[in-house]
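Peer 1: Please see the structure below; I have some questions.
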Amino acid sequence: GYAERVMELTTKSFALTKKIFFANLLRSTLGKLGISPFRKEIMGVSREYDELLERILVEHEETLEEDDQDKDMMDFLLEVCRDVKAEYKITRNHIKSLFVEIFLGGTDPSTHATEWTMAEILNNHKILEKMRQEIDTVVGKARLVQESDLPNLPYLQAVVKEGLRMYPPVPLVLREFQESCEIKGYYVPEKTGLVVNVYGVMRDPDSWEDPDEFKPERFLDYSSRPGQEEQGMKYLPFGAGRRGCLGSNLAYIIQGTAIGTMVQCFDWRINGDKINMEETLAGLILTMANPLKCTPVPRLGPFSF
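Listed below in structure tokens is the structure:
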């Protein structure tokens, strides 16, 4: 099906990411030699995405005129694409590009970030109980956690932020100097590649107390000063500035509601006393060396909403 095909292409894309990342570090040298590494692989994956999304677009076009058809994001984008009076003109290629971005930015990174955070929660029973108490008080047990609840769940938000601090989905970020400058006596020429160790920045003991410990409470100090931790350039799970991740707010919402719902609805059983938190890289994504395995046990019996 389409879902399996998207997963296959996403896996291919992330495998390429690591190669492209390191090739970019040598871009100047390779460019002088007229070498474009991995171009064939990149074009191949792009073509496969294009063919898949074209088939999906055609299927949506065939049902677009049906009044009783439930419309989704692609349907609305197609309507805008067809609207000659639309304020913003978009093409089929724009729609395809948008969905590729959603597939790449909204699948693997968010999945692994949620997995890391849940593993830390299950390793810290006091944190789990504190989250559950907050959710039961604010949301109750008659419905699920919703996006609109998140502003009233500061501890849940702190847990999500702490998970992203300790386990940023993309631990290394590549940037380029747009002009030459001097840093601590070192001259840096224009167009020099810069690798930002986001993982290291957010575990720097000069910036964070007990940086290797999972302490959501550290973010509660910012509740009366929202955004202050980001302004200090110490908290960079999504990068920063104009090149920062555009989906950061959506990521907070998705992880907040997903983690909140899992804590609200289930108790969790694990093998042994603690979950192994050993790290590894899959492409450029920080992943668990031993994927999280746990068993959900409904706690709201009967579990139905």
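Counting the sequence shown from 1 gives a position; the working numbering is that position plus 41.
For every residue, glycine included, the Cβ atom is placed at its ideal position computed from N, Cα and C.
Please work out which residues of its chain come closer than 7 Å, Cβ to Cβ, to Gln198, disregarding the five sequence neighbours upstream and downstream, and give them in chain order.
Peer 2: Excluding residues within five positions, the ones whose Cβ falls inside 7 Å are Leu191, Gly297.
Peer 1: Just the C-alpha distance for Val201 and Val121, rounded to the nearest angstrom, thanks.
Peer 2: Roughly 35 Å between the two C-alpha positions.
Peer 1: The beta strand (DSSP E) that contains Pro339, what's its start and end?
Peer 2: From DSSP, the beta strand (DSSP E) with Pro339 extends over 335–339.
Peer 1: What are the complete alpha helix (DSSP H) segments, minimum 4 residues, inside the region 176–232?
Peer 2: Counting only runs of 4 or more, we get 195–207.
Peer 1: According to DSSP, simplified to helix, strand and coil, what is Thr321?
Peer 2: Residue state, collapsed to three classes: strand.
Peer 1: Skipping 5 residues on each side, what residues in its chain have a beta carbon closer than 7 Å to that of His101?
Peer 2: Answer for His101: Met115, Asp116, Leu119, listed in chain order.
Peer 1: Note down the Cα distance separating Glu175 from Pro230, rounded to an integer number of angstroms.
Peer 2: Going from the Cα of Glu175 to the Cα of Pro230 covers about 52 Å.
Peer 1: CA-CA distance, Lys334 and Asn312?
Peer 2: Looking at the two C-alpha atoms, the distance is approximately 8 Å.
Peer 1: Once DSSP output is grouped into helix, strand and coil, what is the label at Phe55?
Peer 2: Residue state, collapsed to three classes: helix.
Peer 1: How many angstroms separate the CA atom of Val376 from the CA atom of Met303?
Peer 2: Given a span of 42 to 346 for the chain in the structure shown, any question on residue 376 remains unanswerable.
Peer 1: Can you give me the C-alpha to C-alpha distance between Ile136 and Glu45, rounded to a whole angstrom?
Peer 2: Cα to Cα, Ile136 sits roughly 20 Å from Glu45.
Peer 1: Determine whether the beta carbon atoms of Glu89 and Leu50 lie at a separation below 8 Å.
Peer 2: In this structure, Leu50 lies closer than 8 Å to Glu89 by Cβ.
Peer 1: What is the residue span of the alpha helix (DSSP H) that Gly19 lies within?
Peer 2: One cannot answer for residue 19 here, as it falls past the ends of the chain, which runs 42 to 346.
Peer 1: Can you tell me the Cα-Cα spacing of Pro246 and Phe279, whole angstroms?
Peer 2: About 20 Å.
Peer 1: Residue range of the beta strand (DSSP E) that Leu369 falls in?
Peer 2: Only positions 42 to 346 of the chain appear in this structure, which leaves residue 369 out of reach.
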